[in-house]
Each structure stands twice: as structure tokens, then as C-alpha cells.
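Notes for the one structure printed next.
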Amino acid sequence: MRTKLFSIYALAVVLSLASCSQNEPAEQGTTLPDGMYPMTFTVVQAAPESTPQTRVTESGDGMSSQWTNDDRIKITVSGPGNNMEAEMLRINDVFISDRNLYWQNTNDATVNAWYSNIEGQSTMPPYDYYTVSLADQSGGLAYVLKAEPVKANYQTKNITLTFSHQLAKVRVKLVKGSYGGDLSDATVKIKGHTSCTVKNGEVSEGGGEGYITMHKNGEYYEANLVPGTLQASEAFEISTDSKTTKASLKGDVSLEKGKVHTITITVNAAGPEEIIGGEITEPGDYIMKGNITESITLNASGINLTLDNVQSKTDGAPLIIGNNAQVTLNISGTANSLTSTNGNGIEIRNGASLTITGNGMNSSKLVVNASDNTNPETELKAGIGPSTGNVSIKTINISNVHLVVSGGRTGNNGNGPAAIGLCSVNGTFNQSCEGISITDSKIEATSYGGACIGTGSVSNDMYTGGTYNLGPITITSSQIIATANRDSGWGHSGACIGFGYIGSDANGVIENITITKSTLDLTVGNSNAYKIGRGDIENNATYSITNGIIVDGQNKGNEGWNP
């Protein structure tokens, strides 16, 4: 930031308030003949603009101001026997006085003058005080000017009135950084006193604080403010492209009257908005940090949520992807965890899709734990996926991250959801997913009856029917460590990658399982289950891996394969 004197550059104009000649006084003591000793003045001003306005205006460089037509100057003369006043109005680029002033005696007097167009503003008792509004300067700056007091007497050939600004000017220049929008129509506001009181050209105090709309002058935004301190915190409000943000300074700025303070603001793309709970219904960039105790529902497409070393533990799902929402989770740091005591780790609702990505499996880690409630009446929840019921989700895409995921389990209820994928389907519930893809990631997954990556299960003869439809499971350049445990009720196990246990006339379809350039460390809890493909089956269950199990280009069949 830099400052520069905010002066009215001098162009002297001699204004004679009377045409009488000035002769030496006769021997009359201190009394002077009436009308013999006129006062003459030089008013300091700037060269006029090509299109004069009706008040003081800024020069094109924004570093000075100039008189314009209809400006008024109030002049007072104070001294023994020489007390008088006049007002000068600028007409056709010349100041015209409303009366002639003459020296009455040889005593010294003090001459004061101030810019008096402010008398058009509101008044307050006593009525020589005026309130000047500073709140909206978009159409032009607000001015308070006062001349330096001058000591003079009848021998002073000419009285020079040198005006200076009683307000401080701030000029702001917006520079585009990473922000990709249009700054040409930006509105800039600055925090300060929205009004001031003025007496005889002097600013006595400032009114309430608020944001003052600045005037655009070329590439700068300008406003005149009450001298004082510009607080660093949220000093500016910038609005453009239907977006509004606050901008802070690195430190407080001392605003001095009659000086220009130039500030450059670099406009970057907006950072993410920090959230700690509740429902998000607008697309945009968001971030969670540290300890979180409230569930968050992401209920819009176009949400990008960064988990920055988050530790969240809630009764329901810590994170819910709402109906039809398309959401991206960005994993930052290696200390992120989402744990539920009675729900999904991440619940994906009907029509929604989820992308989880990071900065590499060694730099980004997320632990996700669904409910481990041993109550047999508790409905099971997938670690990352839907709850039980009729649910159809779109895709789950995982890349460049280390995920540790556990599916839910209960006591003697044999239902088992997937760790990553679909949940258990009781009775005739149907669930589907358009596909699961894992790329350049490390996955540690644990399930109980369901698959680690794939579908959940139907557990026993009490529940008949139920259908799974799952698109392709694609794993590329990743490390998979998976343990498909037996369910705690009936001892059934799902596959590590593919189907959970399928029984009781249930039906399941997976389009294909394709694994390329990946390392596998897979364990199943039941010898009837394959590590890749189908899980344990019974009771007229049917299943199909339509296009087979393809591992590094080799077809391992349509039922199952144990690496």
C-alpha cells in the first residue's frame, strides 16, 4: 500500500470583491474609510475537467481534485472590528461573491474558508453542524474541504486560500489471480463510517460503521472516508458474477486526512466453505476439518467436499449423499475417519453417485466404519453404499487414495452388507448400482456375510426373493486387502470381490469383474465362497457374472476364482 498527498494543485485566480483602488490610510488611528480597502483572494484550484460536474470532482489520475461550476465556498473573517462573512459561487469557471468585503480597521484578522456544498445535506442541532452521508459513493465521491486559516490585515495585497481535504481517500485496484470470472462489473465496498458531522469545514466525528459503496474511476475503486483506522478484518466486500466475498488486509491501515491510500487486491478463486453439520443444498466447494459430531447430508449435484484430517463419529451415517446428488470427496491428509454407531459409514441414497479421490495412496487416507451394533434387530448398513431397502444408486468411483472400510454387522441376524457396494436385501427388496471402479488406490475392506467389494446378502429362509443388479467392478493398478468374514448368525460368507451370500430364492447379476495390474490379498470365511465371484449360496439362489471375471486379460470364468 502506498500513500500520496491528496491536494488541489494550484492554479491561482485572483478574485477582487471590489473595484476600489487601495491607497494608504489617512491618520485615523485603526479605523479605515468605508469601501477603501477591499479584500482580494486567490483560490487554489485544479485545471477543469473537459466535462465539468456540479461539485468538486476528481482529476483523471484520481490523485487530486478540482473545482467545478456550482461549487460554493464560505469565507469568514474574524478579528476586532473586522468580523464579516461571504459566500462565493463558481459560475462559468469563475467564483462570484454574494457581497463585497472591506477592511474596517488596521487590526489583524483570521480568514477561514471551506467548501460549503455540504449544506445541502441534512442538519442537526445546533444548526451549524451538517451530516454528510458517505454510505454510497458509487455515483461520485463525497467531499469535505477546508482552507488553512490565514492571518491578514489591510496591508495584505492578496489572501491565498489553500484548500485541503478533510477526508482520507482509499483507492482499490482489483487484480485477477486464480479467479476465472469477469471483474469488469465488480462492485467494491469498504468498511468505514457511513456518515460524518461537519462544522465550518472540519470533520468532528464519524457516524455508524458499515460497508460503503466505492466509485469506479477507470481501473480503480475510490471512496473518501473519515480519518482513522481501517480495520484489517473483512475491510472490503467484493461482488461480481453474482458472488460476494469479504477481503481482509494483512494489517490495519491508518487513514490520514488529505492523503490517498492505494490498495491492490488480488482476486483468487473462492476457497471452500467450511461445514460442520446439517444439510448442504447448493453446489460448490466445501471443507470439513477436525472433530465433527453432527451428520452431514450433501443434497445437490456439483458438491466438492474436502475431508481435511476429519474425525467424525455419529449415531446415524456421518456422511449422507442425498437422493440424485453427484458428489466428490477429496481426501486430504492421513487422519480422516467416519464412524457410525447405528448406520452407514457413508450412506448413498437413491439415484446418487459418489467419487472419492485423493493425492495418492500414501498421502490421503480415510477410515470408514459402518455400525458394529450387535443388536439382532438392527438394520445393517454398507460401509460405503446404501442402507437396506429398494435403492438404486449410480456409481462409486475411487482413485488415488487409501481406504480402510468396514461393513456393518449385528448379533444373530445373518444379513450382511458389502463394505463397498450394496447392502443386504430382506424379503423382496431390490438394489442396484451402475458400477464400482477403483484406480491407483489401496483398499483394506472387511465384511460380514456380504462381499468386501460388491453386493450384500440375503441371510436365511425367513426372507425369500430379493434382487441385486450390479454393473462392472473394475480394479486397476491398486492393492486390495480384503477379509470376507462369516455372518454372525448363520455362518455364511460372501466373496471378497463380487457377491455376498445369496439364499432363499434371491437373484443376483454382476456385469463383469475386471482386475488389471493389481495385487490381491484376499481371505474368505467360508470354503463355499470364492475369493472373487460368487459368495456362499443356498436355497435356490441364482447368480450371474454376465461377462466373466477378467484378470490381466485372462477370463477366469463366470462363477468364481481363487487367486
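Numbering (the numbering used here), first residue to last: 1114 to 1676. The beta carbon of each residue, even a glycine, is placed where N, CA and C say it ideally should be.
DSSP three-state assignment for residue i, whether helix, strand or coil
i	result
Asn1230	helix
Ala1679	With the chain covering only 1114 through 1676, there is no way to say anything about residue 1679.
Pro1499	coil
Ala1159	Residue placement at Ala1159 cannot be trusted, given a pLDDT of 38 that sits under 50; what the coordinates show is reported in the next sentence. It is coil, neither helix nor strand.
Phe1542	coil
Val1245	strand
Thr1164	Here the model assigns Thr1164 a pLDDT of 29, short of 50, so the residue's position is not dependable and the matter cannot be decided.
Thr1269	coil
Thr1307	coil
His1605	coil
Ala1123	Unreliable positioning characterises Ala1123 in this predicted model, as indicated by a pLDDT of 27, which lies under 50. The coordinate reading is nonetheless provided below. Ala1123 falls in the coil class under three-state DSSP.
Gln1439	strand
Lys1494	strand
Glu1651	coil
Gln1217	coil
Thr1468	strand
Tyr1256	coil
Pro1530	coil
Thr1143	coil
Ala1619	coil
Gln1135	Bear in mind that a pLDDT of 44 at Gln1135, under 50, signals an unreliable position, so the number given afterwards is only what the model happens to contain. In this structure, Gln1135 counts as coil in the three-state DSSP scheme.
Pro1340	coil
Ser1178	strand
Glu1460	strand
Val1207	strand
Ser1129	Legend: pLDDT at Ser1129 = 28, less than 50; position of this residue unreliable, value from coordinates given subsequently. If DSSP states are grouped into helix, strand and coil, Ser1129 belongs with the strands.
Residue i versus the options, residue with shortest Cα-Cα distance
i	options	result
Gly1471	Leu1442, Ile1497, Ala1483 and Ala1495	Leu1442
Ile1623	Ser1352, Glu1672, Arg1599 and Gln1268	Glu1672
Gly1415	Lys1402, Pro1431 and Ile1393	Ile1393
Gly1323	Ser1308, Lys1264, Asn1436 and Asn1330	Ser1308
Thr1113	Thr1155, Ile1303, Asn1230 and Phe1208	The requested residue 1113 is not part of the displayed model; the chain covers only 1114 to 1676.
Phe1208	Gln1250, Leu1274 and Leu1247	Leu1274
Asn1313	Gln1217, Pro1385, Lys1187 and Asn1195	Lys1187
Pro1676	Gly1293, Val1637, Lys1304 and Ile1650	Val1637
Ile1409	Lys1402, Ala1430, Ser1519 and Ser1445	Ala1430
Lys1264	Ser1657, Met1152 and Arg1522	Met1152
Leu1418	Ser1445, Leu1247 and Gly1364	Ser1445
Val1423	Gly1403, Leu1516 and Asn1412	Gly1403
Lys1478	Ile1459, Val1518 and Pro1499	Val1518
Asn1668	Thr1627, Asn1225 and Ser1570	Thr1627
Endpoints, beta strand (DSSP E) assigned at residue i
i	result
Lys1359	Lys1356 to Ala1360
Lys1426	Ile1416 to Thr1427
Glu1392	Gly1391 to Ile1393
Val1637	Thr1632 to Val1637
Ile1388	Element bounds for Ile1388: n/a, residue is neither H nor E.
Glu1672	No beta strand (DSSP E) contains Glu1672, which DSSP labels as neither H nor E.
Arg1185	Arg1185 to Ser1191
Lys1478	Ser1477 to Asn1482
Arg1203	Met1197 to Ile1204
Lys1402	Gly1397 to Ile1405
Asn1510	Val1504 to Ser1512
Lys1329	His1328 to Asn1330
Thr1454	Run containing Thr1454: none; DSSP gives neither H nor E here.
Glu1350	Phe1349 to Thr1353
Chain-order list of residues whose beta-carbon lies under 6 Å from that of residue i (same chain, five-residue window excluded)
i	result
Asp1553	Ser1512, Asn1513 and Ser1590
Thr1508	Ser1466, Glu1547 and Gly1548
Gly1341	Leu1368
Pro1585	Gly1548, Glu1624 and Asn1625
Glu1387	Ile1400
Ser1317	Thr1310
Cys1565	Ala1532, Ala1558, Ala1595, Ala1597 and Cys1609
Tyr1334	Val1285, Val1301 and Met1327
Ser1277	Gly1371
Asp1398	Pro1385 and Asn1417
Trp1216	Leu1145, Tyr1150 and Tyr1267
Asn1543	Asn1503 and Thr1580
Same chain, Cβ closer than 8 Å to residue i, neighbours up to 5 away in sequence not counted
i	result
Trp1674	Tyr1643, Lys1644, Ile1645, Gly1646, Ile1662 and Val1664
Thr1659	Val1622, Ile1623, Glu1624, Asn1625 and Asn1671
Glu1407	Ile1389, Gly1390, Gly1391 and Thr1427
Asn1136	Its pLDDT being 48, under 50, Asn1136 is placed unreliably in this model, and the coordinates cannot settle the point.
Whole-Å CB distance - residue i paired with residue j, under 8 Å assumed
i	j	result
Val1169	Tyr1228	6 Å
Ala1199	Asp1184	Their Cβ separation, rounded to whole angstroms, is 15 Å, which puts Ala1199 and Asp1184 out of contact at 8 Å.
Leu1535	Gly1498	6 Å
Nonlocal neighbours in the same chain, by C-beta distance under 7 Å from residue i, ignoring five residues either side
i	result
Met1197	Val1190 and Leu1214
Thr1164	Residue placement at Thr1164 is flagged as unreliable, the pLDDT there being 29, under the threshold of 50; the coordinate-derived value follows with that caveat. Within the same chain, Thr1164 has no close Cβ partners at all.
Gly1192	Asn1220, Asp1221, Ala1222 and Thr1223
Thr1167	Per-residue confidence for Thr1167 stands at a pLDDT of 33, beneath the threshold of 50, marking its modelled position as unreliable; the derived number appears in the next sentence. Excluding sequence neighbours, Thr1167 sits near Thr1181, Asn1182 and Asp1183.
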